[in-house]
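Below: the structure, in structure tokens.
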Amino acid sequence: MSGKGMNLTLKIWRQNSSEKKGRMVDYKVSDISEHMSFLEMMDVLNEQLIATGEEPVAFDHDCREGICGMCSMYINGEAHGPDRGITTCQLHMRMFNDGDTITIEPWRASAFPVIKDLVVDRTSFERIQQAGGFIAVNTSGNTQDANAIPISKHAADEAMDAATCIGCGACVATCKNSSAMLFVGAKISQYALLPQGQVEAPDRVKNMVAQMDLEGFGNCTNTGACEIECPKGISLDNIARMNRELIKSNFIK
Amino acid sequence: MKLDSKVPKGPIKDKWTTYKDKINLVNPANKRLIDVIVVGTGLAGGSASATLAELGYNVKAFAYQDSPRRAHSIAAQGGINAAKNYQGDGDSNYRLFYDTVKGGDYRSREANVYRLAEVSANIIDQCVAQGVPFARDYGGLLDNRSFGGVLVSRTFYAKGQTGQQLLLGAYSAMNRQIARGKIEMYNRHEMLDLVVIDGKARGIITRNLITGEVERHSAHAVVIASGGYGNVYFLSTNAMGSNATAAWKVHKKGAFFANPCYTQIHPTCIPRSGDYQSKLTLMSESLRNDGRIWVPKHMKDAKAIQAGKLRPTEILEEDRDYYLERRYPAFGNLVPRDVASRAAKERCDAGYGVNATGEAVYLDFATAIQRYGKEQAKIQGIDNATPEKITQLGEKIVEAKYGNLFQMYEKIVDENPYKTPMMIYPATHYTMGGVWVDYNLMTTIPGCYAIGEANFSDHGANRLGASALMQGLADGYFVLPYTIGDYLSNDIRTGPISTEAPEFEAAEKAVRSRLDFFIKNKGTKSVDHFHKRLGKVMWNNVGMARNEKDLKAAIQEIQQIREEFWKDVTVPGEPNQMNPELEKAGRVADFLELGELFAMDALERTESCGGHFREESVEEDGPQKGEAKRNDEEFTFVSAWEYKGDPKDAVLHKEHLEFNDIELKQRSYK
Amino acid sequence: MSGFFNSSIGRKIAMALSAFFLMFFLLQHFAINILSVFNPDLFNEVSHFMGTNPMVQFALQPVLIFGVVFHFVMGFILELRNKKAVGVKYYKNNGAANSSWMSRNMIYSGVVILAFIVLHFIDFWFPEINTKFIKGDWSGMHEGIEGYRYFHELQVKFVSPIRVAAYVLAFVFLGLHLLHGFTSAFQSMGSTAGRKKTLQAIGKTYSVVVPLGFILIALYHHFTYHH
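Residue numbers (the numbering used here), protein chains in the order written: chain A, -14 to 238; chain B, 8 to 677; chain C, 7 to 233.
Structure (structure tokens):
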């Protein structure tokens, strides 16, 4: 097997903790199979580091099938790397060539401070959702029958497309303004599209947008980069809908 | 100690209702005085946290991920069962109950399963009210699909991301309570021990995964909702961080561990590609609705395919062996998971596997594409459509149904599954075994509960598709919130639990010394090295087919690996900062103990049932020849193991299972 | 309400509203200027009307100035906030992979346009204000010139090739600014129309035709002016 795989140079951001300063460090890995996932390549590097007594590179990952939203690497200047419609864990090494130098950085945004190496703190997303990302319904066992309110297939499908967001933060990472509007727009849209979400809609959009601003995310300038880098293809239309909902909540209701 | 399942008396249909009516409640003013810890925030933990907080308890929820939304329930694809009978195909609570007990190969507790079926419909109502965007038909009503092992269409779904949507629903309910201050959420925290005071669960010791701080948290009850232990195999469809530590710690503090050998090997996963493989990816079972599973009929074709000299599309229809349709004409490709997995293994072991490693079978959509294509041509009124047009129309329908799964497959394997059949192979997916609980979902430690996949649950020896989501949410939304009140009603005068108790002191000390040990050990091998070795033994000897000799060998080998682990493991970095290797070390240490108990349990159970297949126990003749053979005379019980200091000293307790409402039968899908 | 315009989205909407206003003004400005190519007399008439009508001078003009100033000031405020939101920069960033140059550099095209407007004010607006409000000459006439002075003044300005070059450059940047800004404004206002083909085509046409027209007007006067 030796010699068949790729030899790569990795430039990786190393930072011991949020208080310490970080820097880019070069590593070499060899004999990387094209069928490996990007994170498996990182595993190879980490095993190599452990063998030499060095501390392995910390990075977030969990499901490794593109749904948990944990993995978050900025690879060669793009969120989740060069492929489209995928998370970092779904990126495969066949996207790279022997001899390549690959830069790997954490998500960058003031609202996503680095915890260690490539791990960032995304709890700002949590607080935005806590500000209104729900429909206030208690669990009672007496909720009305699920088919009591028919919902048009179109609305249900569109709500599903918005709800498919995995909260990874690639939209923020890739945005030149570190704006979280694709994420927040998707959440607001999911509920705005469904009849169940109407009652709280005006308060929801106001509170979530206010929290988003409070967390220090930037403004959307409609570059559309987020939509392209989003692993789940969340549409920019959701941002327009959020804007609409905010106008509605202030001027109509 | 005698196991008491606490199943209420009375007819099965009324048990839960009558019981609920009579159990003790805690009044709203007193709920404010009571703290509950929930470990894990997947479907079970998330829904339980939200509901308990809605009721007024003070909930402290813990997750090792950076958000509750990332728990591995999120990866469930196919759907959730509920006896709604929206399709009018004869579904009912009884039928769901019956299918689940039969699917579990008659190794689950009847009363629990009936309750599960009973509350299943409420789950769908609740989720829709929360804004879960289930798939709908053009009339605006909810759509259903069918899953393996049943004869009705009762599975609700949200594209191929049902688990995600349900979890986001529970998560949104949690968020509402976090905002109200009723849930205190501890992200990036891992439970490392249970604290038992005067025989009752009163708190946990956790490690803050960012700062490395070891913390004490007290409560009046502790709920374990930390999922299954499939990662004991190293390679599984579980998330990388999925672990058994919380469950294993409560086991070591006195909770019995039930049926560890019941593991589900899911038939439709993407085959492994190399030694570097870190996890296996599942393709939803829903694919079996339309995909046909086959291998070449002739050995020469199989050999040519393995050598890369022949392509599957070049094999003629009559030279293909659709082995599931051949062996199980009634259920065909929709036989339960355990049956489908074993059948794939049987073909591959016989040499008919279809990739380089010989460990894969085809899942082919060509027939479905043609069928849908012709249907669409008719609907769209296209007379004499060309074969290309039909294929194109058919592919569109298949894409609408499974597009995201096909895309996922293509990204991993780099082959277009619309044109070439998919390759699949079984992989560890779900563990039916887990912490033993009574009807109230309480473990053998008073005040310590286990819900969702973490308990030994309602699935017996095999879980049917789309039932895990149902069980997790049933436990969290509709069962535990009632039953826990019965216990907590005795705690209204207890007041806050102090973390200064000597039991907290001792537990924290033990946790700290173990963390220190790992850092100071300075061995030569990484944690993964041992985990991979354990996984190999588990897969080879305690995998899809088990026998006495291999199991005995496995027990020895696991002991050996464990010994080496403690001598030679190395964990770089410091304990007082983020340290993923240190996290893994603790988890693998627990897997190394659990693996041995797992093998012991498999050795003890000499029958074949559900996911547990003993090569010594097969039908010798008759129409079922070669199928798994259950032994109801001797094994109609739950194995509940008591910890005694070393896995090999564990003591077996048996909870006898009574079947009053379902007749024990040979599980036939022929 | 004040909360609304203090929110990030409220600010975007304010940007879009002022953008719509400015784009409408630009179109109107262009329509008048193009007359100078085809019909100098009509150009003079219209210019005089615009320059002396009290409604235009005392109502529309202040609104326009407010619109211009607001768009710039808000643009800078948003840019500063965004810079703060970004924090640490990437070691390597491949913006071209997912967005257009125009969309990523609105602030730079904007700065060029601002510089141009300063020049433009020095060229036309300050002299106009001087003539009308300081000197009090509302006749629109000038000694030695037959008829209204506006066409003549226009031609004189474009004698200098340096000024013409500056104008051309500025309008190229205006075109780039509009190529993103036109459809972006719709998105900010909560409409997805800007992402549909029709409006994208209209936006492209507008962003190319109007600046190009201004450029051609400048060049036309540069090459046709004779003493």
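Backbone N, C-alpha and C define an ideal beta-carbon position, used for all residues, glycine too.
Quick caveat, the model's predicted, so the values are computed rather than measured.
A distance of 9 Å or more separates the beta carbons of G110 (chain B) and R295 (chain B). Here W23 (chain B) has R122, E125 as same chain residues with Cβ atoms under 7 Å from its own Cβ, once five neighbours each way along the sequence are excluded.
The beta carbon of Y231 (chain C) sits closer than 7 Å to the beta carbons of Q161, F164, V165 from its chain, once the five residues preceding and following it are set aside; these are given in chain order. By alpha-carbon distance to I38 (chain C), the top candidate from C:N50, C:G181, C:T137 is C:N50. Pairing G617 (chain B) with M415 (chain B), the inter-Cα distance amounts to about 29 Å. Inclusion of G52 (chain B) and A68 (chain B) in the CB contact set at 9 Å is warranted, their separation being smaller than that value.
Around Y176 (chain A), the beta-carbon contacts reaching into chain B at under 7 Å are G138. In terms of beta-carbon proximity, F110 (chain A) stays away from the interface with chain C, with every pair separated by 9 Å or more. R209 (chain B) and M181 (chain B) have their C-alpha atoms spaced approximately 23 Å apart. Between A96 (chain A) and G201 (chain A) a beta carbon distance of about 5 Å is seen, short of the 8 Å cut, so the two are scored as contacting. Short of 7 Å from the beta carbon of F157 (chain C), and not among the five residues preceding or following it, lie these beta carbons of its own chain, in chain order: S42, P46, F49, N50.
Here K677 (chain B) is exposed. Its C-beta has fewer than 16 other C-beta atoms within 10 Å. Distance from the CA atom of L341 (chain B) to the CA atom of D68 (chain A), rounded to whole angstroms, is 35 Å.
Using beta-carbon distances, V122 (chain A) counts as an interface residue toward chain B, with a partner under 9 Å. Of the candidates B:Y359, B:K381, B:Y240, the residue whose Cα lies closest to the Cα of R594 (chain B) is B:Y240. Note: H224 (chain B) is bridge-paired with B:I211 in the DSSP secondary-structure output. In this structure, K161 (chain A) sits away from T124 (chain A), with a CB-CB distance that is not shorter than 9 Å. DSSP links Y193 (chain B) through a beta bridge to B:F69. In this structure L103 (chain A) touches F44 (chain A) by the C-beta definition: roughly 4 Å separates them, less than 8 Å. By the Cβ test, the segment 164 to 178 of chain B is not in contact with the segment 417 to 436 of chain B, since fewer than three Cβ pairs between them sit closer than 8 Å. Taking the Cβ atoms as the reference, Y12 (chain A) lies roughly 6 Å from L30 (chain A), within the contact range of under 8 Å. The shortest C-alpha to C-alpha distance from G138 (chain B) to any of A:R107, A:S174, A:R93, A:E90 is the one to A:S174. Neighbours of Y12 (chain A) across chain C, judged by C-beta separation under 8 Å, do not exist; the nearest C-beta is about 15 Å away. The C-beta of E665 (chain B) has fewer than 16 other C-beta atoms within 10 Å across all chains shown, which makes the residue exposed. Proximity of G196 (chain C) to chain A, defined by a Cβ-Cβ separation below 9 Å, is satisfied.
Taking a C-beta cut-off of 9 Å against chain A, the contacting residues of the segment 393 to 419 of chain B are N411, Q414, M415, K418, I419, listed in chain order. Within chain B, the C-beta atoms nearer than 8 Å to that of V29 (chain A) come from Y283, in chain order.
Neighbours of R17 (chain C) in chain A, taken as residues whose beta carbon is under 7 Å from its own, are N204 in chain order.
Using a Cβ-Cβ cut-off of 9 Å, N132 (chain A) counts as an interface residue toward chain B, since at least one Cβ of chain B sits closer than that to its own.
Measuring C-alpha to C-alpha distances from S190 (chain C) to each of C:N12, C:L23, C:G9 identifies C:L23 as the nearest. For N462 (chain B), the secondary structure class from DSSP, reduced to helix, strand or coil, is strand. Only residues of its own chain outside the window of five on either side were considered, and among them D11, S12, K13 have a CB closer than 7 Å to the CB of D445 (chain B), listed in chain order. As the crow flies, the alpha-carbon of Q673 (chain B) is around 13 Å from that of R114 (chain B).
Within its own chain, the residues whose Cβ lies closer than 8 Å to the Cβ of P278 (chain B), once the five positions on either side in sequence are excluded, are N362, T364, E366, A367, M430, I431, Y432, listed in chain order. Here D482 (chain B) is buried. Its C-beta has 16 or more other C-beta atoms within 10 Å.
Taking 4 residues as the shortest admissible run, the segment -4 to 47 of chain A contains the following complete alpha helix (DSSP H) segments, listed from N- to C-terminal end: 23 to 36.
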